[in-house]
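Structure first, commentary second.
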Amino acid sequence: MPVTDILQKKNFSREDIIRLLSITDKSEQEELLKKAYSVKEQIIGRKVYLRGLIEFSNLCQKNCLYCGIRTGNTKVTRYSASDEEILEVAKFAHENQFTSLVLQSGERYGRDFTKRITSLITKIKQIATPEFRITLSVGEQSFDTYKEWFDAGAERYLLRIETSNEELYRKIHPDNKLHSFKTRLQCLENIQKAGYQTGTGVMIGLPFQTTENLADDLFFIKKMNIDMVGMGPYLEHADTPLYMYKNSLLPLYERLNLSLRMIAVLRIMMPDINIVATTALQAITPMGREMGLKAGANVLMPNLTPAKYRGNYLLYDNKPCIDEDADECIDCLANRVKMIGEEIAYNNYGDSIHFTKRGIRTQQTLTR
Ligand code: SAH
Ligand code: SF4
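With positions in the sequence shown counted from 1, the corresponding number in our numbering is that position plus 18.
See the structure below:
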């Protein structure tokens, strides 16, 4: 079916999505991206929400086969930023009109870790404002831990499912209890249940991944009623087990284009969610994130990690901006956003409209 006809439809079938993701023709891709951008423009506007990102520690107990900071990679110099350093970044974010900070790290468990995050959440809210939004991205935890952090004031949580296909999930993770698809899924559900604006996502262009898998990922995101999505190209890291499949991967530019089509199709399927233009897009080409915004994404996450740690948080090879200072990054960012005809929505919390509506619906159900 011609792309133009598919784009007229109210709901896409699995075949439609596979057809859209398989586009190779340049003008068809432009048509898809343009449509997605117009949906974003209509619902969200030509606005970009900023979230500061701090990768506060690369200590990780897991061993995901694709990730450069997996515990098995002994070449990594491990670090954990101090509370003072993290709070300094929060202060910087607040003073520079960011309304939100994402705290990301490797996965760790235990009461000490939980307590530390709880206390950081409280302190960040004091340094900024009670409304300042905190997003956590620290992996799989118990429901009680998710709840404790939510009650302390974290509103958003990012946990990528990585792939919604259990078989593929097994191929890209070690075969043990610590890397279980079912647990990952359960965690995502617990995050929603605890009350968070819930973010998930997948890697695009993984070894063994098919277009059908990716179409199912989009259905998964929709079915799970997800509020925020961060998905980007899988990029190889030389010191990981998956590196041996590097010759079977899509060429980088095709991975970039496929990622853009994934963003575009998702934007059309879920007009009111927040979608991040990920750093991994920028690792392929300097304007990668701006291309993501033009394909329907509406969120950027500038890296505010202290420069001295950046070189040790390399999930994949060729990660951009690793020796830049935060201020430099922000200045160039505003200009780049302007260049594509958009503006940064300063002083706007940028909650997912989808989440807000979901909340109202829940409220209505409760009061009925
Ligand atoms: N430890 C936490 C958060 C840090 S990892 C967690 O795993 O949830 C954040 C994300 O980085 C992962 O979800 C994964 O999707 C992405 N990532 C890891 N290695 C990558 C790679 N080689 N290429 C692209 N993305 C990668
Ligand atoms: Fe650890 Fe996350 Fe990397 Fe897996 S993806 S090894 S959990 S940091």
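C-beta atoms are modelled at their ideal positions from N, C-alpha and C, and glycine is treated no differently.
- Cβ neighbours of D290 within its own chain (closer than 6 Å, five residues either side excluded): I61, I371, H372.
- Note on geometry: alpha-carbon atoms of A315 and S198 lie some 30 Å from one another.
- Here K312 is buried. Its C-beta has 16 or more other C-beta atoms within 10 Å.
- According to DSSP, V247 shares a beta bridge with T218, I293.
- Relative to the ligand SF4, the beta carbon of L333 is positioned inside 7 Å of a heavy atom.
- Here G217 is near M246, since their CB atoms are less than 8 Å apart.
- At a threshold of 7 Å, H191 does not count as near the ligand SAH, since its beta carbon sits no closer than that to any of the ligand's heavy atoms.
- M288 and K240 have their C-alpha atoms roughly 7 Å apart.
- Residue side-chain check: N231 keeps its Cβ at 7 Å or more from all non-hydrogen atoms of the ligand SF4.
- In terms of Cα proximity to C78, the closest of Y214, R69, R88 is R88.
- Collapsing the DSSP output to three states places S182 in coil.
- The ligand SF4 approaches R88 closely enough that one of its heavy atoms is under 7 Å from the residue's Cβ.
- Across the set G377, M280, M305, the C-alpha of M305 shows the shortest separation from the C-alpha of C350.
- Taking 7 Å as the cut-off, one finds no heavy atom of the ligand SF4 near enough to the beta carbon of C205.
- Shown here for I104: same chain residues with a beta carbon closer than 7 Å to its own, the five before and five after excluded, namely I72, F74, L138 in chain order.
- Here the region 148-161 makes no contact with the region 180-189; the two share fewer than three CB pairs at distances below 8 Å.
- Assignment of beta strand (DSSP E) within the region 26-73, counting only whole runs of 3 or more residues, yields 65-68 in chain order.
- Taking each of L154, T181, A295, E158 in turn and checking the Cα distance to D169, the smallest one comes out for L154.
- According to the DSSP secondary-structure assignment, Y175 is paired through a beta bridge with L154, T216.
- Counting only the Cα atoms, Q122 lies some 18 Å from H112.
- Listed in chain order, the non-local C-beta contacts of K143 below 8 Å within the same chain comprise F150, I152, G171, local neighbours out to five positions each way being set aside.
- Annotation: the continuous alpha helix (DSSP H) that includes V283 extends over 270-287.
- Close CB contacts of Q215 within its chain, under the 7 Å cut and outside five residues either way in sequence, are with E173, R174, D245, M246, D369, S370, F373 (chain order).
- Nearest to P251 by C-alpha distance, out of R134, D341, T297, is T297.
- L121 is bridged by DSSP to I72, L154.
- The Cβ atoms of N114 and I293 lie no closer than 8 Å to each other.
- Per the DSSP secondary-structure output, L318 pairs in a beta bridge with L68.
- Per the C-alpha coordinates, the member of T163, W167, L177, I145 positioned closest to G157 is L177.
- Around the beta carbon of G128, a 10 Å sphere encloses fewer than 16 other beta carbons of the protein chains shown; the residue is thus reported as exposed.
- Contact holds between the region 264-279 and the region 31-45, because three or more Cβ pairs, one in each stretch, are under 8 Å apart.
- Around the beta carbon of P225, a 10 Å sphere encloses 16 or more other beta carbons of the protein chains shown; the residue is thus reported as buried.
- Residue burial annotation: T117 is buried, with at least 16 other C-beta atoms found within 10 angstroms of its C-beta.
- For the pair of segments examined, the region 323-336 was found not to touch the region 350-362: the number of CB pairs separated by less than 8 Å stays below three.
- With respect to the 8 Å criterion, G310 and R64 are not classified as neighbours on the basis of their beta carbons.
- Judged by DSSP secondary structure, T229 falls within the alpha helix (DSSP H) whose first and last residues are 229-241.
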